[in-house]
Each structure stands twice: as C-alpha cells, then as structure tokens.
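Chemist: Okay, here's the structure, questions in a sec.
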RNA sequence: UGGGGCGUCGCCAAGUGGUUAAGGCAUCGGGUUUUGAUCCCGACAUUCGGAGGUUCGACUCCUCCCGCCCCAGCCA
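Right under this line is the structure:
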C-alpha cells in the first residue's frame, strides 16, 4: 500500500521557501469572516486551507471577525460562525479576534498618515468622488482637498470621530496616486462616517475603517505571516502593501490569493442566501437545502466529509466550477463507512404471512454495518404481519428477474436479515388498489440459503407491523435544478426547485430507530442516508431528514 | 482600447525543458454481494486555448493572437 502524496499547492511552496530562507519563523494564518451572514460551503474551503496550513507548518490560525461595517453585522452571525468553525473541527489560537479590537490602534495610524502628509480629509460627496476617480481607461483627478494642511485634516478627522460631521459629508483618504492604472490606488477611502451603533463597540465610534485600511493592519497586529484570501482581492494587494510600507507596523504580512470554491447547482452568495432566508423561501439559514454549514449539518452531512471534500480541492489561481457530484461523493463515502444500517419503509404495504403462527414473535439479529464488526448489531422483531414498500411489489409477474429484483405473485424474495418469502395472493379494496399481500415464509431461511429450487429474486427491506415506529421523512433534492442559479437574467427565486422538499408522513421505521438522536447518522438500507432533524423531531413525532440517497 | 489574473479529458486537477501527459469526480463495460449500495477489475487526452519560434528535445522558454474572470462601494 503506497501512500499517494498530495501534491503541494503554491501557497505551501511559498511557505516552505519562506521558512527555509528564514523570512518567517512562525507560520500564522487567519480565517477572517465578516459577521454579516452564515458560513457556507465556500467558506469551508478557506477554513480548511487556513487552519490546515497552520497545522501543517506547526503554526497557528486565528479566527478574526472583520467587523468594520456595523450596517450589516450582527452578534447572531458571530455566534453562528463560531459554532460552525468548531463543528468543522478546528481550534483557533486564543480567543476569537475582532477588527473592532483594533479600532483605537487604527485611528492612531490614521493620524500618523495625516501627519506624514499621506492622508487627508476629503469633502467630496460620493457622486463627486466617483467623477474624480476617472474610469478604467482614464486617469482620475486630484481632489481639491488633497493638499489641505495636516492640521486641518487632523481637526476634521476628530470632528468626524465625535459625530460632528454629517454622514457622507467627508472621508479620510490615503494620498496615493489618482492616475494609477490600478483604481484601488486612486486615493482610497480609509474612514467613512456611519452614525450607527456597532455590535461590539456600541456608540463609541461615528467613523469606521474601510476594508483596505483595516485588513492588512489587523494581520500585522496579529503577526499573521501569510494572509490568504480569494482572487478578487488581488487588485487590493498593492494597497495592502502600500499601508504596510507607510505605517510603523509590528510585522509585515504578505497577501496571497487563491481561487474560491464554486459549485454547480449551488448558490454561494451571502447576499442571495440572506434573501432566501429573509423572504422565507427556505426554513432559515439552517434549512437542510441551504449550502450553509448549519444547513449541511442539519441535513446530516458530516464535518469529516466536508473536510475531506475541501482537502481534495486544488488550491490554485484558477476559478473553476466544481461539480456538486464531487461533494456528494465525499458525503456518501463517509456515511457509507460509518453510518449505522437500519430499515425504514417509506410507503408501507401490509404483508401477512399466512403460514406463520398467529401469536409467534421472534427477534432476529442484524448487523449494524455490513463490514464494520465494531458497530453494534441490532434486534429486529419479526411476526406474522409486516410492512414492505409498495414499490417492492408488482402485479406484473412478467417482469424479468433481472429487471425487477423484487416481489411478484408466485415468486420469492429475501427479507433483508430475515426469511425468504413468496407472494401468494393480493387483497384489493373496492377501487382495485392492492392493500395487502398474502405471503408465505420459508422456514429455516434466516441466515441460511433457501432449499434447492427456491431462488429469491432479490433482497428487500421490511419492518414488523406490530413492532415498529412511525416517523416523518423529509426528502430533499437540490434547491436549484439549474447549473448556475442566479447567473443569467431573471431572479434566482424563480429557479428554486419546487420539488426540493417532499415530506413523507407516517413511514414505518424499525423499532430501534425509536431511540435515534440528533447527531447520529443512519443508512436506511436501499433508500439513503438519514438523520434526526434537530428542529422538528420530538418525542411525539420522530422526524428524519434524508441527507442523500444511495446511488 | 487601463490594470490584475487564468486557460491541460464532460468537471476538478498534477505536471516547475527529457514521464507511456498522474489522480479524483462523472460516464461506460465486467465480477462479487442477504442493500439494484459498498467493494473489485477494465475502458476513458497521440495531446496540453490557437498560430508561429527557440531547442537534439516544449504542457513546460519566447512572440503574437483568441477566450474567460476580477477592479471604477464612503461593501468585504
């Protein structure tokens, strides 16, 4: 058995080189979500990368909330993000950090830049600023406030800070180059006025730093060695470096960009996911159809499979679209290896074994998992009355054995973990619908081959009609059945798959499932993987979510 | 028509001048099987966006061309 070594990605190569050349002594990374929504599968890639890198190189990774915009941020999101990262299995160094922890430091650096003649208060309004910025092909023009004395800017900054200036009336800008071919360098805004309470600093501030003025400095304060972000920030890197070069920072982190994860048939846009939640198209952020980590968790997707999937992804600068089938492969792989087996009849059809004693009852023992001896076996009550799935019986006896490996009149089938039975007769109601099957069991066939001449067509699942538990099943399909929801024109809301949730009432589950609890994973044999729903299941009504079907 | 980035099998992707162009997903065959699952075997790029060039030798170096993505928020 040879271990296939996973090729190292470009970031690992850079870190290795930095370590060898002594450019860095300690690898420090960070996962920097903005608490304006829930984490989704796309974030998982970044989390696995950042925490993974720190682990591989013996460093550490910080969890840092980039909370520089009180307009969109809430504590609810902070708590949810903490829970999700923990669930994924990662531990950050120390306490979670917040950009807002550094507001004072950032403010003093702003003063420093003004004093150095490298920042100024600009009184252009938003529209004017846009005009002055120029376009992709034309250089911008200097703001008329660009050369105002530092003392004046300092005074105005203080005024902004204490709330003595109106929102939108002025900003603090870095004095860089209005003719730069990189638009981000055309005197970017460092501070803007927002007279709004912050989820952590309350009403202490009336101004908030922009992403560009905050992010790199947060990294420097934390001693981040490699600041890994997604591709769309590549154009911000020169600015990241400009601040690092012009401020007396405690360390100089380097930014590297990689391609974010895109999945087909999946929408990963916090804004749009929020819209699904706000407009109640889904049952909250943790709706099992959502690509959020909380949704996946409630759906029954394991943290291990999310990690395995993320680790299988390339860390490169290409921005491709991964087939969601690849994610599903890892979900099934983990569940197949670890989920307890059980039987549940979704669409019950009663079966009476005419040759089985009326009062007899026995307990059959079945493996908890076909190839995991370490998992406990289970007891299956068996009696004269059973349920099988309607789909496992056909009135059409001409169906070939190969095409229909289930029950037909006059032929045999194996009850999984139990006896071989044959169907002798059907009971129909007034409308002609089959309501019951009269069958015979073949004694001595539990765990044994049937006698010569009896060849079961296949194996079907079943449940003892007198000793089973009722449950509701929530069957989920993908939320969108278009490959790129939200891409073309038209609203993604109209692209929601109307059949993404089908509820089955009163399915019949094997007795042992009555004690199933949240967090356990089951394979309902021949059906799919299920878990107890954390929101709707109760002692009165057992509710299972279908994580994913069998292939 | 500015700047930045990317183009290797249906999808993801390794490859860093000399390999029979890895691997995974998907797909299609066959075998095992008390889950039509799992598992196992096999098939699946004479070719690396295109055209030139350098070289004994190029997916890897050079030139030009084509295509896609990102940047003109007081969002991140």
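In our numbering, the protein residues as written are 5 to 555. Every residue gets a Cβ at the ideal spot worked out from N, C-alpha and C, and that includes glycine.
(1) Once the 5 residues before and after residue 144 are set aside, which same chain residues still bring their CB inside 6 Å of it?
(2) Give the secondary structure of residue 24 by DSSP, where H, G and I count as helix, E and B as strand, and everything else as coil.
(3) Residues in the same chain with beta-carbon distance under 8 Å from residue 302, minus the five sequence neighbours each way, listed in chain order, please.
(4) Check residue 202 in the structure and name its three-state DSSP category.
(5) For residue 171 and residue 184, what's the separation of their Cα atoms in angstroms?
(6) Just how far apart, CA to CA, sit residue 228 and residue 257?
(7) Let's test the definition: count the other Cβ atoms within 10 Å of the Cβ of residue 313 and tell me whether it reaches 16, buried, or not, exposed.
(8) Determine the contact status of residue 241 and residue 259, defining contact as a CB-CB distance below 9 Å.
(9) Using CA atoms only, rank isn't needed, just tell me which of 496, 543, 528 is closest to residue 374.
(10) When DSSP builds the beta bridges, which residues end up paired with residue 562?
(11) Could you name the residues that DSSP lists as bridge partners for residue 74?
(12) Just mark residue 7 as buried or exposed, buried being the case when its beta carbon has 16 or more other beta carbons within 10 Å.
(13) Quick check on the DSSP output: the alpha helix (DSSP H) that includes residue 82 runs from which residue to which?
(14) Kindly indicate which three-state DSSP category residue 550 falls into: helix, strand or coil?
(15) Taking residue 43 as the reference, which of 473, 295, 67, 112 has the closest Cα?
(16) Could you tell me whether the Cβ atoms of residue 118 and residue 125 are closer together than 9 Å?
(17) With a 10 Å radius around its C-beta and 16 neighbouring C-beta atoms as the bar for buried, classify residue 37 as buried or exposed.
(18) Classify residue 320: buried if its beta carbon has 16 or more other beta carbons within 10 angstroms, exposed otherwise.
(19) Just checking my contact of residue 467 with residue 512 at CB under 8 Å: how many whole Å lie between their CB atoms?
(20) Pull up the CB-CB distance for residue 389 and residue 356, whole angstroms please, since I reckon it's below 8 Å.
(21) Answer with buried or exposed for residue 519, where buried requires no fewer than 16 other C-beta atoms within 10 angstroms of its C-beta.
(22) Among 58, 45, 41, which residue has its Cα nearest to the Cα of residue 84?
(23) Tell me the start and end of each unbroken beta strand (DSSP E) in the stretch 183 to 262 that is at least 3 residues and wholly inside, in chain order.
(24) Who are the Cβ neighbours of residue 545 in its own chain at under 7 Å, not counting the five residues just before and after it?
(25) Give every residue of the same chain whose Cβ lies closer than 7 Å to the Cβ of residue 460, excluding the five residues on either side of it in the sequence, and list them in chain order.
(26) With DSSP run on the structure shown, which of helix, strand or coil describes residue 398?
(27) Evaluate residue 62 with the Cβ neighbour count: other Cβ atoms within 10 Å of its Cβ, from every protein chain shown; 16 or more gives buried, anything less gives exposed.
(28) Mind checking who residue 344 pairs with in its DSSP beta bridge?
(29) Should residue 422 go down as buried or exposed, given a rule of 16 or more other Cβ atoms within 10 Å for buried?
(30) Assuming residue 175 and residue 196 make a contact with CB atoms under 8 Å, what is their CB distance in whole Å?
(31) Please confirm if the stretch 69 to 76 is in contact with the stretch 212 to 219, defined as three or more CB-CB distances below 8 Å between the two stretches.
(32) Between the Cα of residue 156 and the Cα atoms of 226, 26, 385, 123, which residue gives the shortest distance?
(33) Do the CB positions of residue 235 and residue 264 come within less than 9 Å of each other?
(34) For residue 7, does the three-state DSSP call read helix, strand or coil?
(35) Does the separation of the CB atoms of residue 383 and residue 368 fall below 9 Å?
(36) For residue 178, which three-state DSSP category applies?
Modeler: Straight from the coordinates:
(1) 136, 137, 138, 182, 190
(2) helix
(3) 290, 291, 292, 537, 538, 539, 549
(4) strand
(5) 28 Å
(6) 6 Å
(7) buried
(8) yes
(9) 528
(10) Shown here, the chain extends from 5 to 555; a query on residue 562 therefore has no answer.
(11) Looking at the DSSP assignment, residue 74 forms no beta bridge with any residue, so it has no partner.
(12) Legend: pLDDT at residue 7 = 44, less than 50; position of this residue unreliable, value from coordinates given subsequently. Exposed, by the Cβ-count rule.
(13) 79 to 92
(14) strand
(15) 295
(16) yes
(17) buried
(18) exposed
(19) 5 Å
(20) 6 Å
(21) exposed
(22) 41
(23) 193 to 197, 211 to 213, 230 to 234, 258 to 262
(24) 476
(25) 416, 417, 418, 424, 454
(26) strand
(27) exposed
(28) 526
(29) buried
(30) 5 Å
(31) yes
(32) 123
(33) yes
(34) The pLDDT assigned to residue 7 is 44, lower than 50, so where the model puts this residue is not dependable; a value taken from the coordinates is nonetheless given after this. Residue 7: coil per DSSP, three-state reduction.
(35) yes
(36) strand
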